[in-house]
Amino acid sequence: MPSITAPSPLDATHAGRRAAAALRRRLGRCLAVSALLLAGCGLAQAQDWSYRVRPGDTLWDLGAKHLKAGINWRRLQEHNRIANPYHLPPGTRMAFPIGWLRIEPAKAKVVAVRGAVNVLASDNAPARLVSEGMRIGIGSRLETGPGASATLEFADGSRLMVQDNSRIVFDELSSYGSTGMVDTRMRLQRGRTSNRVIPAKGPASRYIIETPSATSSVRGTHFRVSAGDHGAADATEVLEGKVQVGSQRSQVLVLPGFGTVAAAGAAPTAAIALLPAPSLLDHGTRLEPLPASVAWTPVPGAIGYRVEVVRDDAPEVLLYESRVDTPQVRIDDLPAGRQRLLVRAIAANGLSGRDSERVFTVNDQPLPPLTISPLDGQTVSVPRPRFEWAHAADAERTRLQLARDDRFEQPLVDAELKGQRYRPDDALPPGNYFWRVASRDAAGRSGRFGNALPFTVSDAPVDPGLESPQAAKGLLTLRWQKGEPGQRYRVQIARKPDFAKLLLEQEVDVPQVELKRPGGGTWYVRVQTIEDDGYAAPYGPAQQIRLPCRVCYGAGAAGAALLLLAL
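For what it's worth, my numbering labels the leading residue of the sequence shown as 292, then goes sequentially.
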């Protein structure tokens, strides 16, 4: 029987200390939230919500609409010292104690999703993909993956943008009936958020975000919160309004243009000025057409930069985000519409600075032309392949890019063309390539690029598919595989594989040639394709033809055939 070793008194002491420390941390966070509730909202339960009487209002109608079950309208009459319950003068004020008001669940609505975002209704519930229009309730946990984000709207119109690699839990999502007061509380366990909070409509309105190290409470403002982003301390950055940030140790009021950080177990720092907005460089910034290039002057004290693109009419909807170490970035793709570029510096303390902004428009008109050749994934055996596309409506010119990579960071070709065909001036070495096209209209507006299509250039000659020779009535007929419409063919026949001395060299419009039968033995044949624009592809591989002696007609007949073919 195996022996069982009891834990030592020292182990038990250490375990007890760890449990006590964890309990103190939880209690500390609860005290911080409670302190903010008291500091930001006052003793809400002891305060009144003020209502202006409208024509036709009655005490019993107002009681049924706003009071929780068990609170009779007569108590409302007594609280407001109303002598005649049948006569409420319009315009007068009535006081509703906060504790008497009906509290109802108020789910958040998902208004935008980018990438893979999951929601779990509870800790043990299965994860579901988040979709636009979905409702998220109390106790849910939202998680965003790499390059993903979600924007939520709360019952009062406030919006929360949860950025990539983030996890947030919604502890309270409720409203006080139809008063307009909303209680929104959440825990950001990791990642970053941006918040636009509608000004509070009453003493019970709350908007609180808790991170592992601090709690931020507001009553109408624009601010950002991050929890351990890239290993930094928890941070709160205020862009508009005021934010009360606290822990169990202290409270700090943060004004616009300032921020605070809080490490685990430490009090939030005093307010720190945010880094200034970077200055965008005109000569290095081109936002349209895509891909966009953005450059800016380095900001002293910055260890990195964050670049975002949001919808101009809804800045809480994130379309693109990236963290870079150098003062430049390339943006390959964005949806069509009017967008706003945001660039800010990141300080060593983890605080992100003020934003540089620039509004621009991504056009989806004119549409990119349909591509014809090379096809997606096609292997071509000509070093100068022909690119061909259809004519797009309203397109005056076509922009073609050719590159080795699908991001087109260093295009081999970047040309604006008048027609619907293009053949490179220089041969392409064998290998893998990508090409794409976009349209430009008569006003000079460029649309979006179409999909990047991969293709391969091979140096292996194309087998023309030569059929077995047909000999009849003193003639020899050679046939091969038919090419594309409009192509012609050059045929060579020689006694030796170097084709130094030709028996035949002839251009034909159809994939066959007919000649007087030459002498018996081994002959070599090769075929070259000539495009309709005159470009001659490399010859296909030489193929052997063995003619039996029974079709020989002697040297004189062969000489006559050569003479005839030369004419």
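Here a beta-carbon is modelled for each residue, glycine too, at the ideal position from N, C-alpha and C.
These numbers come from a predicted model, not from an experiment.
With a 10 Å radius around its C-beta and 16 neighbouring C-beta atoms as the bar for buried, classify Leu661 as buried or exposed. Residue 661 sits at position 370 when you count from the first residue of the sequence shown. That one is exposed.
Kindly provide the ranges of any beta strand (DSSP E) runs that are 3 or more residues long and lie completely inside the segment 367-424, ordered along the chain. 384-388, 399-405, 408-411
If you measure between the beta carbons of Gln619 and Gly592, is that distance less than 8 Å? Position 328 of the sequence shown, counted from the first residue, corresponds to residue 619. Position 301 of the sequence shown, counted from the first residue, corresponds to residue 592. Not closer than 8 Å, so no.
Per DSSP, which one or two residues make a beta bridge with Val460? Sequence index remark: in the sequence shown, residue 460 carries index 169 (1-based). DSSP, once it has assigned bridges, lists Arg432, Arg478 as partnering Val460.
Are the beta-carbon atoms belonging to Leu367 and Gly382 less than 8 Å from one another? As a working mapping, residue 367 is identified with position 76 in the sequence shown. As a working mapping, residue 382 is identified with position 91 in the sequence shown. No, Cβ-Cβ distance for Leu367 and Gly382 is not below 8 Å.
For Asp525, the first and last residue of its enclosing beta strand (DSSP E): For the purposes of this step, residue 525 is taken as residue 234 along the sequence shown, with counting starting at 1. Element bounds for Asp525: 525-531.
Determine, using beta-carbon pairs with one atom in the segment 483-497 and one in the segment 544-555, whether at least three such pairs fall under 8 Å. no
C-alpha distance - Trp680 paired with Ala583, whole-angstrom precision: Stepping through the sequence shown from its first residue, residue 680 is reached at position 389. Stepping through the sequence shown from its first residue, residue 583 is reached at position 292. Per the coordinates, the alpha-carbon of Trp680 lies some 24 Å from the alpha-carbon of Ala583.
Stretch pair the segment 721-740 + the segment 752-766: three plus CB contacts closer than 8 Å: no
So, at 8 Å on beta carbons, what are the nonlocal neighbours of Arg649 in its own chain, with the 5 sequence-adjacent residues on each side left out? Here residue 649 corresponds to residue number 358 of the sequence shown, with the count starting at 1. Closer than 8 Å at the Cβ level, and outside the excluded window around Arg649, lie Leu571, Thr576, Leu578, Arg631, Leu632.
Tell me whether Leu350 sits in a helix, a strand or coil according to DSSP, three-state version. As a working mapping, residue 350 is identified with position 59 in the sequence shown. DSSP places Leu350 in helix when its eight states are reduced to three.
Regarding Ala518 and the ligand MG, is the C-beta to nearest heavy atom distance less than 7 Å? The ligand MG is absent from the structure shown, which contains no ligand whatsoever.
Can you give me the C-alpha to C-alpha distance between Arg315 and Thr502, rounded to a whole angstrom? As a working mapping, residue 315 is identified with position 24 in the sequence shown. As a working mapping, residue 502 is identified with position 211 in the sequence shown. Only weak support is given to the placement of Arg315: the predicted model assigns it a pLDDT of 49, under 50, and the value that follows is read from those uncertain coordinates. Each residue's alpha carbon lies about 16 Å from the other.
Hey, out of Arg770, Ala557, Lys533, whose CA is closest to Ser541's CA? Here the question's residue 541 lines up with position 250 in the sequence shown. For Ser541, the nearest C-alpha among the options comes from Ala557.
Tell me the rounded alpha-carbon separation between Leu830 and Pro809. The residue labelled residue 830 in the question sits at position 539 within the sequence shown. The residue labelled residue 809 in the question sits at position 518 within the sequence shown. A quick correction: the sequence has Tyr, not Leu, at residue 830. Taking the straight line joining both Cα atoms gives about 22 Å.
Is Asp352 buried or exposed, if buried means 16 or more other CB atoms sit within 10 Å of its CB? Your numbering for residue 352 matches position 61 in the sequence shown. Classification for Asp352: exposed.
For Thr689, which residues does DSSP report across the bridge? Within the sequence shown, residue 689 is the residue found at index 398, counting from 1. DSSP output for Thr689 lists Leu708, Ser730 as bridge partner(s).
Is the segment 448-455 touching the segment 418-435 in the sense that three or more CB pairs, one from each, lie closer than 8 Å? yes
Output needed for Leu838: all residues of its chain with C-beta closer than 6 Å, excluding positions within five of it in sequence on either side, in chain order. Start at 1 with the first residue of the sequence shown, and residue 838 comes out as number 547. Excluding residues within five positions, the ones whose Cβ falls inside 6 Å are Gly811.
Under three-state DSSP, which class holds His357? On the sequence shown, position 66 is the one that residue 357 refers to. His357: helix per DSSP, three-state reduction.
On the criterion of 16 or more Cβ atoms from any shown chain inside 10 Å, does Leu334 qualify as buried, or is it exposed? Numbered from 1 along the sequence shown, position 43 holds the residue referred to as residue 334. Low local confidence applies: a pLDDT of 42 at Leu334 is under 50, so the model's placement there is unreliable, and no value is given.
Decide if Asp339 is buried, meaning its Cβ has at least 16 other Cβ atoms within 10 Å, or exposed. As a working mapping, residue 339 is identified with position 48 in the sequence shown. By the 10 Å Cβ count, Asp339 comes out buried.
Kindly provide the ranges of any beta strand (DSSP E) runs that are 3 or more residues long and lie completely inside the segment 771-802, ordered along the chain. 779-785, 793-799
Tell me the DSSP secondary structure of Arg497 in three-state form. Here residue 497 refers to the residue found at position 206 of the sequence shown. Strand.
Between the CA atoms of Leu757 and Gln835 - distance to the nearest angstrom: Residue 835 sits at position 544 when you count from the first residue of the sequence shown. Residue 757 sits at position 466 when you count from the first residue of the sequence shown. The straight-line gap from Cα to Cα measures roughly 10 Å.
Can you check whether the CB of Thr470 is closer than 8 Å to the CB of His357? The count along the sequence shown starts at 1 and reaches residue 357 at position 66. The count along the sequence shown starts at 1 and reaches residue 470 at position 179. Taking 8 Å as the Cβ cut-off, His357 and Thr470 qualify as a contacting pair.
Over the uninterrupted beta strand (DSSP E) stretch that includes Leu757, give me the two end residues. Here the question's residue 757 lines up with position 466 in the sequence shown. Counting along the chain, Leu757 falls outside any beta strand (DSSP E), and DSSP gives it neither H nor E.
Between which residues of its own chain and Pro606 is the CB-CB distance below 7 Å, once the five residues before and five after are set aside? Here the question's residue 606 lines up with position 315 in the sequence shown. Cβ neighbours of Pro606 beyond the five flanking positions: Arg631.
When burial is assigned at 16 or more other CB atoms within 10 Å of the CB, is Asn486 buried or exposed? Counting from one through the sequence shown, the residue named residue 486 turns up at place 195. Residue burial annotation: Asn486 is buried, with at least 16 other C-beta atoms found within 10 angstroms of its C-beta.
In chain order, what residues of the same chain lie with their CB nearer than 8 Å to the CB of Thr349, ignoring the 5 residues before and after it? Counting from 1 along the sequence shown, the entry for residue 349 is found at position 58. So the list reads Pro376, Tyr377, Leu379, once near-sequence residues are dropped.
For my contact list, Arg781 and Ile821 are in at a C-beta cut-off of 8 Å; report their separation, rounded to the angstrom. As a position in the sequence shown, residue 781 is number 490, starting the count at 1. As a position in the sequence shown, residue 821 is number 530, starting the count at 1. Arg781 to Ile821, Cβ: 6 Å. Contact.
Going by Cα to Cα distance, which pick from Leu691, Ile427, Gly722, Ile784 is closest to Phe740? In the sequence shown, residue 740 corresponds to position 449, counting from 1. Of the listed residues, the one whose Cα sits closest to Phe740 is Leu691.
Rounded to the nearest angstrom, what separates Pro720 and Gly825 at their Cα positions? Here the question's residue 720 lines up with position 429 in the sequence shown. Here the question's residue 825 lines up with position 534 in the sequence shown. C-alpha separation (whole angstroms): 21 Å.
Does DSSP classify Gly522 as helix, strand or coil? What you label residue 522 is simply residue 231 of the sequence shown in a count that begins at 1. Residue state, collapsed to three classes: helix.
Cβ neighbour criterion (16 or more within 10 Å) applied to Gly493: Here residue 493 is taken as the residue at index 202 of the sequence shown, counted from 1. Gly493 is buried by the Cβ-count criterion.
Between Asp823 and the rest of its own chain, which residues show a CB-CB distance below 6 Å, the 5 nearest in sequence each way excluded? One-based indexing of the sequence shown puts residue 823 at position 532. Once the five neighbours on either side are set aside, the close Cβ partners of Asp823 are Gly777.
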